[in-house]
Amino acid sequence: MSNKIIFVGDIILPNLSNLKCISAYLIVENGLITERGAKDYFYKYQDNFIKRGYQIKILEPHQFLMPGFVDCHTHAPQFPNIGLGLDRPLLEWLDKYTFPLESQYSDEEFAANVYSKVVKRLINNGTTTACYFGTLHLEGTLELVKSAIKQNQRAFIGKVSMNIENDAGYYNDTEKELREVKTFVEKVFEYNNDLVNPVITPRFAISCDNDLMKKLSVIAKQNSCLIQSHISENKKEIEYVLSTNPECTSYSEVYGRCGLFDNKCIMAHGVHLSEEEIDMFVRKGASIAHCPASNTRLKSGLCPVRKLLNCEVKVGLGTDVSGGDNASILDALRRAMDVSEHLNLLGGKESALNWKEALYLATLGGARALFIDDKIGRLEVNQEFDALLIDLYSKNSPIDKYTYSVAHGEEEEILERVERFVYLGDDRNIVQVYVKGKKVKDIL
Numbered sequence: 001m002s003n004k005i006i007f008v009g010d011i012i013l014p015n016l017s018n019l020k021c022i023s024a025y026l027i028v029e030n031g032l033i034t035e036r037g038a039k040d041y042f043y044k045y046q047d048n049f050i051k052r053g054y055q056i057k058i059l060e061p062h063q064f065l066m067p068g069f070v071d072c073h074t075h076a077p078q079f080p081n082i083g084l085g086l087d088r089p090l091l092e093w094l095d096k097y098t099f100p101l102e103s104q105y106s107d108e109e110f111a112a113n114v115y116s117k118v119v120k121r122l123i124n125n126g127t128t129t130a131c132y133f134g135t136l137h138l139e140g141t142l143e144l145v146k147s148a149i150k151q152n153q154r155a156f157i158g159k160v161s162m163n164i165e166n167d168a169g170y171y172n173d174t175e176k177e178l179r180e181v182k183t184f185v186e187k188v189f190e191y192n193n194d195l196v197n198p199v200i201t202p203r204f205a206i207s208c209d210n211d212l213m214k215k216l217s218v219i220a221k222q223n224s225c226l227i228q229s230h231i232s233e234n235k236k237e238i239e240y241v242l243s244t245n246p247e248c249t250s251y252s253e254v255y256g257r258c259g260l261f262d263n264k265c266i267m268a269h270g271v272h273l274s275e276e277e278i279d280m281f282v283r284k285g286a287s288i289a290h291c292p293a294s295n296t297r298l299k300s301g302l303c304p305v306r307k308l309l310n311c312e313v314k315v316g317l318g319t320d321v322s323g324g325d326n327a328s329i330l331d332a333l334r335r336a337m338d339v340s341e342h343l344n345l346l347g348g349k350e351s352a353l354n355w356k357e358a359l360y361l362a363t364l365g366g367a368r369a370l371f372i373d374d375k376i377g378r379l380e381v382n383q384e385f386d387a388l389l390i391d392l393y394s395k396n397s398p399i400d401k402y403t404y405s406v407a408h409g410e411e412e413e414i415l416e417r418v419e420r421f422v423y424l425g426d427d428r429n430i431v432q433v434y435v436k437g438k439k440v441k442d443i444l
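Numbering follows the UniProt record's numbering, in which position 185 of the sequence shown is assigned residue number 185; successive positions increment by one, without gaps.
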């Protein structure tokens, strides 16, 4: 692709309170959005743009441009288990399926083969940014780093930390774990790739003792790294954490006392948070990755996302493979709407999420949850161009073309097209994917 390109057509700008659809031109130069304006202006000066060497892409009426999807929580090594063991509760599922699989990633060739497929799958589904859990293995997790760099995906990648013994024998002693985390962070930074960054990753308070978590917090602060973990996913998990930390009144307090809870922290799930814990998320600036598929499949519970948003907690979406059974954020946003609606039907006080709000969670909301909304998520001037070109009627599209419409006016017509994609679309409609201006998928 040329380093200078102009897109002309319908552009979608998600926001929590007001999704906007505009017909405009957008200029991308060297991966950065440098100009956005009315289509009339572009057509008036089109010849000048051509003379200045811009590549011009005019979108069809059934196409639109939108920010890329952000997956705030997924487990790359678990993809070979996707669709397996989902009839079991969380802790049993971990012991029988997850830990035995993750133990295989000491084999770097195996790791490289899996991770290449994982990154490709997510990009194909429109995930321009992913926050990954790896495994305990230093070299194995570096294969995930290499795959993300090679395929030009924006990624936060964590070498998982665990030092408490489990039945699978899948853990490290504390000193080895700290040594390898430091090495992992150093090696990721040595790649000097501005799209891929390390994230400090204590698995959760069941598999890490407080001493390890405190020392991981120090490493995170020394290297300005994000921190990711799990919180309040399952009631039995919460009971166990509190029984082993009797001095704490909540799961969140355990992390807080270890220095892991701040404005660089993203916690997966948050299904069963107390009012005090929600307030702690707000005060500390931590965020939540909502994973509706795995919360349902593993029978963990229904996360009250509307309540979290009303309290001004930052929330993004996660596929949480392989607790979740689908690698698509489109699937996650639909399930987020379902969970919200189910809570409402069960007598919840908060209104259900609508599709516009769910689309926000999948894009700009995810960028905010990962603390990178200064870079991506808006398709505005000075943002990096992480974007999807959507075609409602692409080859083999699941969306049929009809001449009927209930829309009144151009903006309503654009909204109709976006709504159809949200409810009916899949990877076949995501015909082009761009990460920092580089085209990483093209099926046009």
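Glycine included, each C-beta is placed from N, C-alpha and C at the ideal position.
By the neighbour-count criterion, in which 16 or more other beta carbons inside 10 Å mark a residue as buried, residue 200 falls on the buried side. In the DSSP annotation of this structure, the continuous segment of the beta strand (DSSP E) that includes residue 439 starts and ends at 438-442. For a cut-off of 8 angstroms, the C-beta gap from residue 66 to residue 388 is around 5 angstroms, short enough to register as a contact. Looking from the CA of residue 394, the closest CA among 330, 350, 429 belongs to 429. Secondary structure at residue 61: coil, using DSSP grouped into helix, strand and coil. For residue 429, the secondary structure class from DSSP, reduced to helix, strand or coil, is helix. Comparing alpha-carbon positions, the option among 339, 148, 49 lying closest to residue 291 turns out to be 339. Here the segment 82-101 does not lie against the segment 360-377, with fewer than 3 beta-carbon pairs under 8 angstroms apart.
Rounded to whole angstroms, residue 250 and residue 281 show a C-alpha spacing of 13 angstroms. If you ignore the 5 residues before and after residue 105, its C-beta comes within less than 6 angstroms of the C-beta of 77, 111, 135, 137, 140, all in its own chain and listed in chain order. Pairing residue 332 with residue 293 gives a Cβ-Cβ distance under 8 angstroms.
Per DSSP, reduced to three states, the secondary structure at residue 233 is coil, with no helix or strand assignment. For residue 266, the beta-bridge partners assigned by DSSP are 228, 287. Under DSSP, no beta-bridge partner is assigned to residue 151. Taken through DSSP and simplified to helix, strand or coil, residue 73 comes out as strand. Apart from the 5 residues on each side of it in sequence, residue 219 sits with its Cβ closer than 8 angstroms to the Cβ of 178, 181, 182, 185, 200, 225 in its chain, given in chain order. Excluding the 5 residues flanking it on each side, residue 262 has same chain C-beta neighbours closer than 7 angstroms at 284, 285, 286, in chain order. For the pair residue 307 and residue 350, the CB atoms are nearer than the 8 angstroms cut-off. Boundaries of the alpha helix (DSSP H) harbouring residue 121: 108-124, taken from the DSSP string. When secondary structure is reduced to three states using DSSP, residue 162 falls in the coil class, being assigned neither helix nor strand.
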